[in-house]
Amino acid sequence: WLLKGLLGYVPDSRSILVHAGGVMAWYNVEFGTNYSFTNLIPAPERGTPAQRFGMFNDSYSAGGNSYDDNGSLSEGAPLIGTGNQNDYDRNAALTWMRNQNNFYGGETVGPGTENNIYPKFPNVAYEAAYAQTTHLNTSYNKLTYKLWGDFVYNEENVTAAFTPPHDGVTRAAIFDPLYDGRNGMEYIRDRLGYRLVLREANASEWVKQNDTLKFEGKIQNVGFGNIVNKKNVSIILKAKDGSNIYTALTNLDARDWRPDLVSRADNIAAWRDLNFSINMDAFGEVSPGGYDIYMKINDPKETSTNKRCIQFANHNIWNTSLGANLIGSTTVAP
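When we follow the working numbering, the leftmost residue of the sequence shown carries the number 361, and every step to the right adds one.
In structure tokens form, the structure reads like this:
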């Protein structure tokens, strides 16, 4: 009844952070199913009530005797399945979060013992990419951050094989040469949530005032997580000589720019389409001349000019006053 009440009260455009067991318990009552940590809810469709739930982990990467992060990952287990704690499975909990395609994060904890691999590299980077971690508390327990800060991020250290005790499967994390020689904290910091990089940008060299502006590009989300809430994706034409600015809304959905387990630039399979065509009359009466093309991504409810806008990770393309990213240029002809 609590989750049902929250769904009815919180605006549809916002997510609700709970625990996985609670979501499954709500789903079972609502739809007459019997989902659990050993029988997971299928990945929900975007916009459905089930997809609105994300998870807060109160002991992120703690591991613990049952590998359940001090009970945070398994919280709600008595409400689902057989109600037996033994039905909980760490891999299933992480898969549930990945399937939700929503927020996941929380408060980090210290290493506990020297044998606890969960909060350490390379395991922590591997799990964060899989579960799509979006946020972590920066001040609750700084022991974990010291672990990450002391970790030298290089190929030998990152790709060292590790075997989590919860399933005994030996794994290896993916090394990103962009961070070679830096520290683990920098890598985690830059990967929390989404991180968008413009990979290709090809705009119409020129367009007539009554014609169509066309753009073909590629974008890569190199972060752990997704863009969860719907965004407006607008195109701004800013005159190179003068102060004229024209804006038009596209039909692009930033939530489609999903991350991949491999965030390296050479993973072309993770590059997402960034194509649009806009009739020039959508901008209004655009004067002839040269224009820079900017892409602005912000919350539909935002009323300010440049706040709460998404900045790409590329260097030297961000315009603070517009709250937009430079993606090309064109000439408008009469």
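The beta-carbon is built from N, C-alpha and C at its ideal position, and this holds for glycine as well. Predicted model, so just to flag it, every value in this text is computed and none were measured.
Look at residue 666 here: in three-state DSSP terms it is coil, with no helix or strand label.
Assigned with DSSP and collapsed to three states, residue 581 falls in strand. Comparing alpha carbon positions, the residue from 563, 582, 528, 608 closest to residue 548 is 582.
Residue pairing by DSSP puts residue 495 in a beta bridge opposite 465.
A contact between stretches requires three or more CB pairs, one per stretch, nearer than 8 Å, and the stretch 496-509 meets this requirement with the stretch 538-545. Around the CB of residue 586, 16 or more other CB atoms lie within 10 Å, so the residue is classed as buried. Counting along the chain, no alpha helix (DSSP H) covers residue 361, and no H or E run does either. Distance from the CA atom of residue 399 to the CA atom of residue 519, rounded to whole angstroms, is 32 Å. Three or more Cβ pairs closer than 8 Å define a contact, and the stretch 481-500 meets that threshold against the stretch 461-470.
Considering only 600, 363, 568, 633, the residue with the shortest C-alpha distance to residue 384 is 363.
Contact annotation: residue 564 and residue 574 have beta-carbon atoms nearer than 8 Å.
In this structure, residue 632 sits away from residue 613, with a CB-CB distance that is not shorter than 8 Å. Fewer than three beta-carbon pairs drawn from the stretch 659-679 and the stretch 626-641 are found closer than 8 Å, and the two stretches are therefore not classed as touching. Secondary structure at residue 645: coil, using DSSP grouped into helix, strand and coil.
At least 8 Å separates the beta-carbon of residue 661 from that of residue 682. An exposed status is given to residue 370, since fewer than 16 other beta-carbon atoms sit within 10 Å of its beta-carbon. Its chain contains 572, 574 as the residues whose beta carbon lies nearer than 6 Å to that of residue 637, once the 5 sequence neighbours on both sides are disregarded; these appear in chain order.
Inside the stretch 556-602, DSSP marks whole beta strand (DSSP E) runs of 3 or more residues at positions 556-563, 566-568, 572-581, 592-599, from first to last along the chain.
Rounded to whole angstroms, the gap between the alpha carbons of residue 684 and residue 600 is 16 Å. CA-to-CA, the gap between residue 550 and residue 596 works out to about 27 Å. For residue 386, the number of other beta carbons within 10 angstroms of its own is at least 16, and it is reported as buried. For residue 436 against residue 430, the beta-carbon gap comes to about 14 Å, at or over 8 Å, which does not count as contact. Around the beta-carbon of residue 691, fewer than 16 other beta-carbon atoms lie within 10 Å, marking it exposed. By the neighbour-count criterion, in which 16 or more other beta carbons inside 10 Å mark a residue as buried, residue 379 falls on the buried side.
Following the DSSP letters along the chain, one finds residue 391 in no beta strand (DSSP E) but inside the alpha helix (DSSP H) bounded by residues 380-391.
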